Amino acid sequence: MMAPYAVQTANLGKRFGKFEAVKNLNLAVHAGEIFGFLGANGAGKTTAIRMLCGLLLPSSGNGQVAGFDIYKQSEQIKQHIGYMSQKFSLYDDLTPAENIEFYGGVYGLQRQTLLQKRSDLLEELGLTELADMTTRSLPLGYKQRLALSCALLHDPKIVFLDEPTGGVDPEARRNFWDLIYHMAQQGKTIFVTTHYMDEAEYCNRVSIMYQGEIIALGSPQELKQKFGKASMQEVFIHLVDR
Amino acid sequence: MNRIIPIIRKEFIHIRRDFRTLIIIFIMPVAQLLMFGYAINMEIQNITLAVIDHSESPASRDLIRAFAGSKFFTVRHFDGGESRVGALFQNRQARIVLIIPQDFAATIARPVATKVQALIDASDSNAAQAIRNYADAILQTYNAGRGLAAPFEVQTTIQYNPTFKSTYFFVPGLVALILIMISALLTSVAIAREKETGTMEQILVSPVRAREIIIGKVVPYILLAFMDGVIVLLVAHFWFKVPIIGSVALILGAALVYVFVALALGLFISTLAHTQQVAMMAALIISMLPSIMLSGFFFPVASMPKVLQWITYVVPAKYFLLIVRGIMLKGNTLAQIGTPLLVLLGMGIILTIISTKKFKTTL
């Protein structure tokens with residue numbers, strides 16, 4: 025079956041006891057799009073992304089990722105998505121090469137392919153010289169790119185990035201967005217959460233989440249026009265401080 | 017299956033690079049065994065015995081000589097009178113006081129029961145029990161020497177550990193303790209660490225199945241726990257000369273079942289704990305304490321209060337101790353250890369089912 029959208033949800037919701045973390049989420053993300061998922065901390069972004077990645081079971085509603093149902097086909101979804109969280113989930117006591125080998129192995133990559141990818145990636149990341157160091161001693165910017173590389177080893181169609189630029193310096197953030205554009209050009213769909221509003225300007229479309237609900241959705245240009253503001257920062261403050 | 021191997025390989029790298037884990041795995045068991053083997057000796061010697069001899073007769077001096085002649089007692093005379101016996105104990109000048117009455121020589125010459133009084137400091141109750149046994153033995157020998165046979169005679173033969181060697185007693189308990197500690201503590205901490213750093217989340221978004229993760233995480237610890245069990249048994253048998261009368265294969269087979277229970281316990285703890293700290297505390301409390309206190313390792317289950325006895329039914333180490341003591345010291349066969357083995361198997365299965373179900377939903 026073919027769905028026209030990379031990510032599509034209908035009234036998706038998640039409730040923890042009495043607390044509704046996500047309410048009636050309706051999204052349709054096009055293939056190849058850079059979709060920004062904005063919101064303050066605690067707005068429900070991470071909960072939503074975890075439901076889409078199959079880490080959390082929704083309480084209500086429906087959803088499809090890469091054309092697969094999020095309730096029944098989470099195994100197929102996992103083959104087609106890459107996920108990178110703000111924690112840069114690497115093993116600190118392993119070397120960069122060992123991290124790549126491990127995640128490649130977990131995705132079931134062929135040994136030959138994996139070894140090739142490993143040396144290509146180390147070269148590309150400028151880590152060939154540092155290959156024997158533990159990941160713990162790498163600068164944050166390197167860790168971030170290594171974490172992204174590990175999430176992309178199986179060449180996924182859709183990439184979920186949960187605050188991928190948290191804690192890194194502005195220059196590293198810019199470089200990271202260059203990578204995001206590069207991935208989008210290759211036809212990957214990018215689903216990215218952030219609370220840096222300057223980053224929102226780089227997205228094709230954004231949604232703004234507030235207390236578990238989407239309160240605005242459109243391209244940065246449309247939203248700025250609609251609310252008569254000069255930047256996404258102002259749009260966000262206008263919407264959230266109502 | 018192909019996805020399990022990278023997880024196992026990675027786990028071994030963690031273990032190799034983590035100094036603390038290596039110490040826990042390889043140094044601690046041997047250190048504990050040496051400590052239990054050498055430092056803790058249940059046999060007491062040079063017990064100070066104070067004698068208050070009101071009889072001052074050849075007969076009473078005979079009795080005192082019997083005590084003085086044994087290697088257990090050091091005899092000293094005390095002239096302070098009964099009223100000051102308390103001070104003797106208070107100042108640790110005696111652990112047992114023997115009071116011989118004035119009419120001792122007269123009554124002992126007649127065929128009636130003769131009484132002497134022994135007061136024992138029981139502030140250390142185990143020692144007091146031992147002192148009492150030594151004193152009884154000496155009195156019996158004394159009676160026998162005088163040709164006064166008791167109406168009937170109890171002949172006691174101590175079986176399976178005739179010399180009461182404490183290593184015989186500690187080794188099975190130590191095997192039980194080390195296996196559950198390594199398995200439960202290290203697995204639960206290893207899984208909690210991945211939750212803490214977010215790597216568990218990263219693995220769970222991959223197509224790996226929960227059971228593949230679980231198998232990959234526990235297999236290294238099965239091997240290590242097993243190696244530890246073997247090390248402890250080797251040291252016990254060849255260094256401390258603890259016999260292994262039954263089948264070695266049967267011990268190892270039972271150890272495998274026990275490790276399975278311990279790992280399931282570790283998994284269960286990891287589903288409750290989200291940080292390494294919590295996992296470690298929970299594992300210590302849930303695995304180590306009951307294995308030491310409530311398994312029969314040090315304290316016999318039969319002498320516990322009823323409520324504690326009920327709790328021992330869910331302590332895996334209790335069953336494993338029965339099995340290991342049975343095989344090592346009594347030469348038990350599979351038929352004789354079948355029931356405790358089945359109980360352990362049941363515990364393992366129940367815990368595994370609960371934890372695998374919880375594993376997916378608790379991240």
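Residue numbers (my numbering), protein chains in the order written: chain B, 25 to 266; chain Y, 17 to 379.
For every residue, glycine included, the Cβ atom is placed at its ideal position computed from N, Cα and C.
Keep in mind that this is a model prediction, so the values were computed, not measured.
For D137/Y and G96/Y, I'd like the C-alpha separation in whole angstroms.
Taking the second sequence and counting its residues from 1, the one referred to as residue 137/Y is at position 121. Taking the second sequence and counting its residues from 1, the one referred to as residue 96/Y is at position 80. Across the structure, D137/Y and G96/Y are spaced so that their CA atoms are roughly 18 Å apart.
Determine whether the Cβ of T372/Y lies closer than 8 Å to any Cβ atom of chain B.
Position 356 of the second sequence, counting from 1, holds the residue named residue 372/Y. Not one chain B Cβ lies under 8 Å of T372/Y.
Helix, strand or coil for I232/B? Go by DSSP, reduced to three states.
On the first sequence, position 208 is the one that residue 232/B refers to. I232/B: strand per DSSP, three-state reduction.
Tell me the DSSP bridge mates of S84/B?
Position 60 of the first sequence, counted from the first residue, corresponds to residue 84/B. Looking at the DSSP output, S84/B bridges to G37/B.
Three-pair Cβ contact test at 8 Å for the region 40–57 of chain Y versus the region 116–123 of chain Y
Touching, no, given that fewer than three Cβ pairs across the two stretches are closer than 8 Å.
I need the straight-line Cα distance from V340/Y to D78/Y, nearest angstrom please.
Counting from one through the second sequence, the residue named residue 340/Y turns up at place 324. Counting from one through the second sequence, the residue named residue 78/Y turns up at place 62. Here the alpha carbons of D78/Y and V340/Y stand approximately 46 Å from one another.
Given that R19/Y touches chain B, what residues does it touch there, using C-beta distances under 9 Å?
Locating residue 19/Y in the second sequence gives position 3, counting from the first residue. Residues of chain B whose Cβ lies closer than 9 Å to the Cβ of R19/Y are, in chain order, G129, V130, Y131 and G132.
Is there a C-beta anywhere in chain Y that falls below 8 Å from the one on I124/B?
The residue you call residue 124/B lines up with position 100 of the first sequence. Chain Y has no Cβ within less than 8 Å of the Cβ of I124/B.
Output, in sequence order along the chain, the residues in the region 207–240 of chain Y whose CB is closer than 7 Å to any CB in chain B.
Correct list: T213, G214, T215, E217, Q218, I219, L220, V221, S222, P223 and V224.
Could you tell me which residues DSSP puts in a beta bridge with M108/B?
Your numbering for residue 108/B matches position 84 in the first sequence. Per DSSP, L185/B.
Hey, out of F215/B, Q88/B and Y115/B, whose CA is closest to Y226/B's CA?
Walking along the first sequence from the start, residue 226/B turns up at place 202. Answer by Cα proximity: F215/B.
Assuming F375/Y contacts T287/Y under a Cβ cut-off of 8 Å, what Cβ separation, rounded to an integer in Å, is found between them?
Counting from one through the second sequence, the residue named residue 375/Y turns up at place 359. Counting from one through the second sequence, the residue named residue 287/Y turns up at place 271. F375/Y to T287/Y, Cβ: 6 Å. Contact.
Whole angstroms are fine: how far does the CA of V330/Y sit from the CA of T213/B?
Mapped onto the first sequence, residue 213/B falls at position 189. Mapped onto the second sequence, residue 330/Y falls at position 314. Distance from the CA of T213/B to the CA of V330/Y, rounded to the nearest whole angstrom, comes to 52 Å.
When DSSP labels each residue in this structure, what does L114/Y get in the three-state scheme?
Start at 1 with the first residue of the second sequence, and residue 114/Y comes out as number 98. Strand at L114/Y.
On the CB-based measure, 16 or more other CB atoms within 10 Å of its CB, does L193/Y come out buried or exposed?
For the purposes of this step, residue 193/Y is taken as residue 177 along the second sequence, with counting starting at 1. L193/Y should be labelled buried.
Within the continuous beta strand (DSSP E) that includes Q210/B, where are the two ends?
Here residue 210/B refers to the residue found at position 186 when the first sequence is read from its first residue. Secondary structure note for Q210/B: it is in no beta strand (DSSP E), with a DSSP letter that is neither H nor E.
Does any residue of chain Y bring its CB to less than 8 Å from the CB of Q140/B?
Numbered from its first residue, the first sequence carries residue 140/B at position 116. No - not a single Cβ of chain Y is within 8 Å of the one on Q140/B.
Could you tell me which uninterrupted beta strand (DSSP E) segments, each at least 3 residues in length, are contained entirely in the region 128–199 of chain B, listed from first to last along the chain?
Fully enclosed beta strand (DSSP E) runs of 3 or longer: 182–186.
Alpha-carbon spacing of V251/Y relative to L38/Y, whole angstroms
The count along the second sequence starts at 1 and reaches residue 251/Y at position 235. The count along the second sequence starts at 1 and reaches residue 38/Y at position 22. Their Cα atoms are separated by approximately 19 Å.
Burial state of E210/Y (16 or more Cβ within 10 Å):
Taking the first residue of the second sequence as position 1, residue 210/Y is located at position 194. So E210/Y counts as buried.
If the cut-off is 8 Å on Cβ atoms, which residues from the region 38–49 of chain Y count as contacting chain B, listed in chain order?
The residues in question: there are none.
With a 10 Å radius around its C-beta and 16 neighbouring C-beta atoms as the bar for buried, classify A127/Y as buried or exposed.
To locate residue 127/Y, count along the second sequence from 1; it is residue 111. The amino acid occupying residue 127/Y in the given sequence is Pro; Ala does not appear at that position. Around the beta carbon of P127/Y, a 10 Å sphere encloses fewer than 16 other beta carbons of the protein chains shown; the residue is thus reported as exposed.
Please name the residue or residues paired with L135/Y in a DSSP beta bridge.
Counting from 1 along the second sequence, the entry for residue 135/Y is found at position 119. Bridge partners of L135/Y: V113/Y.
Give the residues from the region 64–80 of chain B that approach chain Y closer than 9 Å (Cβ to any Cβ), ordered along the chain.
Residues R74, C77, G78, L79 and L80.
Work out the CA separation of V264/Y and T137/B for me, nearest whole Å.
In the first sequence, the residue the question calls residue 137/B occupies position 113. In the second sequence, the residue the question calls residue 264/Y occupies position 248. Answer to the nearest angstrom: the Cα atoms are 46 Å apart.
Using a Cβ-Cβ cutoff of 9 Å, what residues of the region 40–65 of chain B are near chain Y? List them in chain order.
Within the region 40–65 of chain B, no residue has a Cβ lying closer than 9 Å to any Cβ of chain Y.
Can you find a C-beta in chain B that's less than 8 Å from the C-beta of H290/Y?
The residue labelled residue 290/Y in the question sits at position 274 within the second sequence. No, H290/Y lies away from the interface with chain B (no Cβ there is under 8 Å from its Cβ).
Under 8 Å between C-beta atoms of L195/Y and A278/Y
Residue 195/Y sits at position 179 when you count from the first residue of the second sequence. Residue 278/Y sits at position 262 when you count from the first residue of the second sequence. Taking a C-beta distance under 8 Å as the contact criterion, L195/Y and A278/Y qualify as a contact pair.
From the DSSP output, in three-state form, read off N50/B for me.
Translated into the one-based positions of the first sequence, residue 50/B becomes position 26. In the structure shown, N50/B sits in a strand (DSSP, three-state: E or B).
Does chain B have any CB closer than 8 Å to the CB of I380/Y?
The question about residue 380/Y has no answer, for chain Y in this structure spans 17 to 379.
Ignore the nearest five residues each way along the sequence and tell me which others in I154/Y's own chain have a CB closer than 7 Å to its CB.
As a working mapping, residue 154/Y is identified with position 138 in the second sequence. Hits under 7 Å: A82, F83 and S86.
Is the beta carbon of Q110/B closer than 8 Å to that of P188/B?
Residue numbering aside, residue 188/B sits at position 164 when the first sequence is read from its first letter. Residue numbering aside, residue 110/B sits at position 86 when the first sequence is read from its first letter. The answer is yes: Cβ separation under 8 Å.
So is I105/B in contact with chain Y if we call contact Cβ pairs under 8 Å?
One-based indexing of the first sequence puts residue 105/B at position 81. Chain Y places a beta carbon closer than 8 Å to that of I105/B, counting this residue as a contact.
So which residues on chain B does R33/Y lean against when the C-beta distance must stay under 9 Å?
Your numbering for residue 33/Y matches position 17 in the second sequence. The answer, in chain order, is D117, L118 and T158.
Taking Cβ-Cβ distances shorter than 8 Å, what residues in chain Y pair up with S270/B?
Given a span of 25 to 266 for chain B in the structure shown, any question on residue 270/B remains unanswerable.
Quick check on this structure: which residue in Y115/B, R74/B and C174/B has the alpha carbon closest to the alpha carbon of S161/B?
Walking along the first sequence from the start, residue 161/B turns up at place 137. Nearest option by C-alpha distance: Y115/B.
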